[in-house]
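Engineer: Same order as they appear, the protein sequences are chains A, B and C.
Count along the first sequence from 1, then add 23; that gives the number in my numbering.
Count along the second sequence from 1, then add 24; that gives the number in my numbering.
Count along the third sequence from 1, then add 163; that gives the number in my numbering.
We treat Cβ as the ideally placed atom computed from N, Cα and C, and that holds for glycine.
It should be emphasised that the depicted structure is a prediction, and the values quoted were computed from it without experimental measurement.
Before I ask anything, let me first share the structure, which is written out below as structure tokens.
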Amino acid sequence: MSNPVMRQFILKDLYAVRWTMIGALLTAVIALAIARTGSLGAYAAMIFLISAGAAPAVFVCMFLVIAERKEKTNLFCLSLPISGRQYALAKISAAAIAFLIPWALIAVLIAALITIFPVPTGFAPFGCMLWTFALDLFAMLVAITMVGESEGLTTAGIVFFNTSFGFYFFIFMRIPAIGQHSSDAHALWSPIVFQVIGAQLLIAAALIAFTLWRLTKRRDFI
Amino acid sequence: MNSTFLISQADPRPMYLQLMEQICQRIAVGDWPAGHELPSIRALAADVRVSVITVKRAYLELERQNVIVTRQGKGSFVADGADLGLRLRSQELGDHLRAVASLSLLLGVSVEELSQRLSEMRDELTREKP
Amino acid sequence: MSAPVFELSGVDKSYPYFKLEGVRIQLAPGQIMGFIGANGAGKSTTIRILMGLIAQQCGEVRLLGHPMPEGQALAKRDVAFVSEEMRLYSGATVEQHMQFVASVVPHWDATYAQQLLRRFNLQPQQKTKGLSHGQRMKALVLLALARRPRLLVLDEPMTGLDPVARQEILAELMDIVTDEERSILFSSHNTQDVEQVSDQITFIDRGRIIESRDKESFLERWRRLQLEVPAGKPLPPFAGVIDVTSSGRTAVVTTKAFTPELPAFYNQAGAVVREVQHMTLEEIFVAEVMSSREDPS
Chain A
24 MSNPVMRQFI LKDLYAVRWT MIGALLTAVI ALAIARTGSL GAYAAMIFLI SAGAAPAVFV
84 CMFLVIAERK EKTNLFCLSL PISGRQYALA KISAAAIAFL IPWALIAVLI AALITIFPVP
144 TGFAPFGCML WTFALDLFAM LVAITMVGES EGLTTAGIVF FNTSFGFYFF IFMRIPAIGQ
204 HSSDAHALWS PIVFQVIGAQ LLIAAALIAF TLWRLTKRRD FI
Chain B
25 MNSTFLISQA DPRPMYLQLM EQICQRIAVG DWPAGHELPS IRALAADVRV SVITVKRAYL
85 ELERQNVIVT RQGKGSFVAD GADLGLRLRS QELGDHLRAV ASLSLLLGVS VEELSQRLSE
145 MRDELTREKP
Chain C
164 MSAPVFELSG VDKSYPYFKL EGVRIQLAPG QIMGFIGANG AGKSTTIRIL MGLIAQQCGE
224 VRLLGHPMPE GQALAKRDVA FVSEEMRLYS GATVEQHMQF VASVVPHWDA TYAQQLLRRF
284 NLQPQQKTKG LSHGQRMKAL VLLALARRPR LLVLDEPMTG LDPVARQEIL AELMDIVTDE
344 ERSILFSSHN TQDVEQVSDQ ITFIDRGRII ESRDKESFLE RWRRLQLEVP AGKPLPPFAG
404 VIDVTSSGRT AVVTTKAFTP ELPAFYNQAG AVVREVQHMT LEEIFVAEVM SSREDPS
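In structure tokens:
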């Protein structure tokens, strides 16, 4: 019975962050357009693509969760026929949808393009690792903003988010199976790639599960 | 939209008394003749912007003084002879005032002094009323 | 006797620097309750517990018969809540808020909503970030009233409002009074906001309910007597007298249980009763609070 209410809350949140989703898609499209314009283009494209895929995580969490708490619009929401738990669940769902739609669409777009066009695909395994790593960052931000209610923790989370890509490159490019083949014409899908991707998916799921579990225990929503 | 009833928080008297007085005024001048139906308690409360309980009290007191009659399920009505009664009392007041005026002229009591003594007397009476 | 609109009994809630203890209040349908307390006394906490936003640590809460906080989604279908701290989405318009609320509540009176827009002089296309404090409160009240709730809960709605806005909102609230099935809970730190229209008055101070009864009862039982006392003679005690302040030959007696016997009693004791005054709700509130702080039993 409250599901129609939750649906409206999710739609409201998605509408609120529509520009984030659209912006991410546009950034990705632009990135892909310039990808073949030389090595600078390729480099810029990579950076834009990572931003397009991962940055929405920050915007969505800041805008949907943090802002609402700070500006006390959550009080307004909770005055409506929805329980604290349903409200939190609707939030997480909206955040997930708002993040995953561009994330998935961009992934599909890239996959389609590299299938159609004759481009070197050596980077694909690492690209997939990086792309699923974005899921972990998203899940981490959701956990931090929904469960931890401190500004310090949120800031730490964002700092980690910004710096993590650099470390990710550093750590994983040193693995020979990955680093030495990323510029090849053909992708080398070594077992370690699948292990990393698998682990990352598990971590993301675990973080979300943890968030949901903590929310079922929460009794005060203001 | 403002009500024609005026309840003032600045007035030291309890609100229900102010309300009663204004209802009696309407009856005395004939705006609300005998048999006239009073507004429902809730309607009057909303109109005057006072609590329902204040209006209830006013109506109860007025009924006790036989100024209005409440019929179960039908509402409250101005009692027969209520307007007459109030008008008579008003006339009585006029007569008393005449006597006071003439006496004060006789004794050489000024209007100011008269006013002062009247004021004191009213205060005393208000105090005594529980 | 129909079921109470809400009931709290034995409600406790502890915070590091504040404790709500043994809160017990209830409201019959068709009444307005004025909930008065100083800032920090616990009004907002009590209201949030009532609305299910916070869970009580012990005690029972029922809102329109639903146990709280478990039943809050159901209860809030017929309960609207406006708080002075509440904010709207700054990037969205008044109209968008109306559409959103209409989409999640069971009863939305669109005609009435339009009327309220006109009466409150709100522009539907205006983004809420441009609204003044008074306009924001009016918008929140509009969103609450157009739901035609059975219970309207207002947490300090008049705070910071100019007199005109206050009257505009009060006028609309009185519309609820005409329906004997609808009720209002109205909190304020200012007795004047609440005094005129309330049927029931509840006082809260330092996390405890001091008193909760119908307004006329308060106004009838409390009196202040000014006495002239013979020098050197202390006044004998009398039940219900909670304060005697003397200065030379003048004494002011405050009682919470006035009977006509009291002036006679003092007369017999040799004092002269100069004046017997009614007290305003504000004076009663202060006296109750002072008396309870001295003797928190």
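Between E248 of chain C and chain A, is any beta-carbon pair separated by less than 7 Å?
Structural biologist: Stepping through the third sequence from its first residue, residue 248 of chain C is reached at position 85. Yes, its Cβ sits closer than 7 Å to a Cβ of chain A.
Engineer: Below 8 Å, can you find three or more Cβ-Cβ pairs linking the region 331–341 of chain C to the region 30–41 of chain B?
Structural biologist: Flag = no, the region 331–341 of chain C and the region 30–41 of chain B do not touch.
Engineer: Please confirm if the region 354–368 of chain C is in contact with the region 316–336 of chain C, defined as three or more CB-CB distances below 8 Å between the two stretches.
Structural biologist: yes
Engineer: Mind pulling the alpha helix (DSSP H) runs of 4 or more residues that sit fully within the region 90–144 of chain A?
Structural biologist: 90–93, 96–101 and 107–139
Engineer: Between which residues of its own chain and E170 of chain C is the CB-CB distance below 6 Å, once the five residues before and five after are set aside?
Structural biologist: Counting from 1 along the third sequence, the entry for residue 170 of chain C is found at position 7. For E170 of chain C, where only same-chain residues beyond five positions count, the Cβ hits under 6 Å are Q189 and R225.
Engineer: Which of the three DSSP states, helix, strand or coil, is assigned to E457 of chain C?
Structural biologist: Stepping through the third sequence from its first residue, residue 457 of chain C is reached at position 294. DSSP places E457 of chain C in helix when its eight states are reduced to three.
Engineer: Closer than 8 Å between beta carbons: that is the criterion. Which residues of the region 258–273 of chain C meet it against chain A?
Structural biologist: F263, V264, S266, V267, V268 and P269
Engineer: At the level of alpha carbons, what is the spacing between A488 of chain C and E137 of chain B?
Structural biologist: What is shown of chain C runs 164 to 460, which leaves residue 488 of chain C out entirely.
Engineer: Take R437 of chain C and list the residues in its own chain whose beta-carbon comes closer than 7 Å to its own, dropping the five residues that flank it on each side.
Structural biologist: Your numbering for residue 437 of chain C matches position 274 in the third sequence. Q389, L390 and E391.
Engineer: Verify whether the separation of the beta carbon atoms of A118 of chain A and M29 of chain A is less than 7 Å.
Structural biologist: Taking the first sequence and counting its residues from 1, the one referred to as residue 118 of chain A is at position 95. Taking the first sequence and counting its residues from 1, the one referred to as residue 29 of chain A is at position 6. Their beta carbons are not under 7 Å apart, which means A118 of chain A does not touch M29 of chain A by this criterion.
Engineer: Could you check the C-alpha separation between S177 of chain C and V74 of chain B for me, to the nearest Å?
Structural biologist: Counting from 1 along the third sequence, the entry for residue 177 of chain C is found at position 14. Counting from 1 along the second sequence, the entry for residue 74 of chain B is found at position 50. S177 of chain C and V74 of chain B: Cα-Cα distance of roughly 36 Å.
Engineer: Establish whether the CB of P104 of chain A and some CB of chain F are separated by less than 7 Å.
Structural biologist: The structure shown contains no chain F; its protein chains are A, B and C.
Engineer: Do L312 of chain C and V242 of chain C have their CB atoms nearer than 7 Å?
Structural biologist: Along the third sequence, read from residue 1 onward, the residue named residue 312 of chain C stands at position 149. Along the third sequence, read from residue 1 onward, the residue named residue 242 of chain C stands at position 79. The residue you asked about is not Leu; residue 312 of chain C is Pro in the sequence shown. Yes, they are a contact pair.
Engineer: Over the uninterrupted beta strand (DSSP E) stretch that includes L390 of chain C, give me the two end residues.
Structural biologist: In the third sequence, the residue the question calls residue 390 of chain C occupies position 227. Per DSSP, L390 of chain C belongs to the beta strand (DSSP E) from R386 to E391.
Engineer: Shorter than 7 Å from the beta carbon of T43 of chain A to some beta carbon of chain C?
Structural biologist: Looking up residue 43 of chain A in the first sequence gives position 20. Put simply, the CB of T43 of chain A is far from chain C, with every gap to its CB atoms at 7 Å or more.
Engineer: Count the other CB atoms, across all protein chains shown, that sit within 10 Å of the CB of C221 of chain C; report buried if there are 16 or more and exposed otherwise.
Structural biologist: In the third sequence, the residue the question calls residue 221 of chain C occupies position 58. C221 of chain C should be labelled exposed.
Engineer: With a threshold of 8 Å on Cβ separation, who are the neighbours of G59 of chain B within its own chain once the five nearest residues in sequence on each side are excluded?
Structural biologist: Taking the second sequence and counting its residues from 1, one reaches residue 59 of chain B at position 35. Here the set comprises F101, V102 and D104.
Engineer: Could one say the Cβ of R50 of chain B lies closer than 7 Å to chain C's Cβ atoms, at least one of them?
Structural biologist: For this step, residue 50 of chain B is matched to residue 26 along the second sequence. Not an interface residue.
Engineer: Please name the residue or residues paired with L303 of chain C in a DSSP beta bridge.
Structural biologist: Here the question's residue 303 of chain C lines up with position 140 in the third sequence. Note: L303 of chain C sits in no beta bridge, so no partner.
Engineer: If the cut is a Cβ gap below 8 Å, which residues of chain A does T429 of chain C touch?
Structural biologist: Locating residue 429 of chain C in the third sequence gives position 266, counting from the first residue. The sequence shown places Tyr at residue 429 of chain C, not Thr. Going along chain A, no residue has its Cβ under 8 Å from Y429 of chain C, so there is no contact; the nearest lies around 51 Å.
Engineer: Is it buried or exposed for A78 of chain A, if we count other Cβ within 10 angstroms and need 16 for buried?
Structural biologist: As a working mapping, residue 78 of chain A is identified with position 55 in the first sequence. It is buried - the Cβ of A78 of chain A has at least 16 other Cβ atoms within 10 Å.
Engineer: Residues bridged to Q440 of chain C by DSSP?
Structural biologist: The residue labelled residue 440 of chain C in the question sits at position 277 within the third sequence. In DSSP, Q440 of chain C forms a bridge with C:R387.
Engineer: Using 8 Å as the cut-off, can you tell me whether the region 225–243 of chain A makes contact with the region 38–57 of chain B, which would need three or more C-beta pairs spanning the two stretches below that distance?
Structural biologist: no
Engineer: Flag D356 of chain C as yes when its Cβ comes closer than 6 Å to any non-hydrogen atom of the ligand MG, and as no otherwise.
Structural biologist: No copy of the ligand MG appears in this structure; indeed no ligand is present at all.
Engineer: On a CA-only basis, which of C:P397, C:G403, C:I367 and C:S207 is nearest M249 of chain C? Give me that one, please.
Structural biologist: Position 86 of the third sequence, counted from the first residue, corresponds to residue 249 of chain C. Of the listed residues, the one whose Cα sits closest to M249 of chain C is C:S207.
Engineer: Grab me the residues of P269 of chain C's own chain with a C-beta within less than 7 Å of its C-beta, minus the 5 sequence neighbours each way, in chain order.
Structural biologist: Here residue 269 of chain C corresponds to residue number 106 of the third sequence, with the count starting at 1. Counting only Cβ-Cβ distances below 7 Å, and skipping sequence neighbours, we find R240.
Engineer: How far does the beta strand (DSSP E) with S409 of chain C in it reach, from first residue to last?
Structural biologist: Here residue 409 of chain C corresponds to residue number 246 of the third sequence, with the count starting at 1. Run containing S409 of chain C: V404 to S410, per the beta strand (DSSP E) assignment.
Engineer: Consider the Cβ of Y178 of chain C: report whether some Cβ of chain A lies at a distance smaller than 7 Å.
Structural biologist: The sequence position of residue 178 of chain C within the third sequence is 15, counting from 1. No, its Cβ sits nowhere closer than 7 Å to a Cβ of chain A.
Engineer: Could you spell out where the alpha helix (DSSP H) holding E258 of chain C opens and where it closes?
Structural biologist: Position 95 of the third sequence, counted from the start, is the residue given in the question as residue 258 of chain C. Segment V257 to V267, the alpha helix (DSSP H) holding E258 of chain C.
Engineer: What's the gap between the Cα of A450 of chain C and the Cα of G205 of chain C?
Structural biologist: Start at 1 with the first residue of the third sequence, and residue 450 of chain C comes out as number 287. Start at 1 with the first residue of the third sequence, and residue 205 of chain C comes out as number 42. Straight-line Cα distance between these residues: approximately 19 Å.
Engineer: I need the DSSP call for E87 of chain B, collapsed to helix, strand or coil.
Structural biologist: On the second sequence, position 63 is the one that residue 87 of chain B refers to. Residue state for E87 of chain B is assigned as helix, using DSSP reduced to three classes.
Engineer: Taking 7 Å as the threshold (beta carbon to beta carbon), is F244 of chain C in contact with chain A?
Structural biologist: To locate residue 244 of chain C, count along the third sequence from 1; it is residue 81. For F244 of chain C, the answer is yes, since a Cβ of chain A falls inside 7 Å of its Cβ.
Engineer: So A238 of chain C packs on L227 of chain C, CB below 8 Å; how close in whole Å?
Structural biologist: Start at 1 with the first residue of the third sequence, and residue 238 of chain C comes out as number 75. Start at 1 with the first residue of the third sequence, and residue 227 of chain C comes out as number 64. Taking C-beta atoms under 8 Å as the contact rule, A238 of chain C and L227 of chain C qualify, at a distance of about 5 Å.
Engineer: Could you give the DSSP three-state label for V224 of chain C: helix, strand or coil?
Structural biologist: Taking the first residue of the third sequence as 1, we reach residue 224 of chain C at position 61. In this structure, V224 of chain C counts as strand in the three-state DSSP scheme.
Engineer: CB-CB under 7 Å to A200 of chain A, same chain, minus the five flanking residues each way: which ones, in chain order?
Structural biologist: What you label residue 200 of chain A is simply residue 177 of the first sequence in a count that begins at 1. Excluding residues within five positions, the ones whose Cβ falls inside 7 Å are L211, S213 and I215.
Engineer: Would you mind telling me which residues of chain A sit closer than 9 Å to K239 of chain C, beta carbon to beta carbon, in chain order?
Structural biologist: Taking the first residue of the third sequence as position 1, residue 239 of chain C is located at position 76. Going along chain A in sequence order, the residues near K239 of chain C (Cβ under 9 Å) are L101, S102, L103, P104, I105 and S106.
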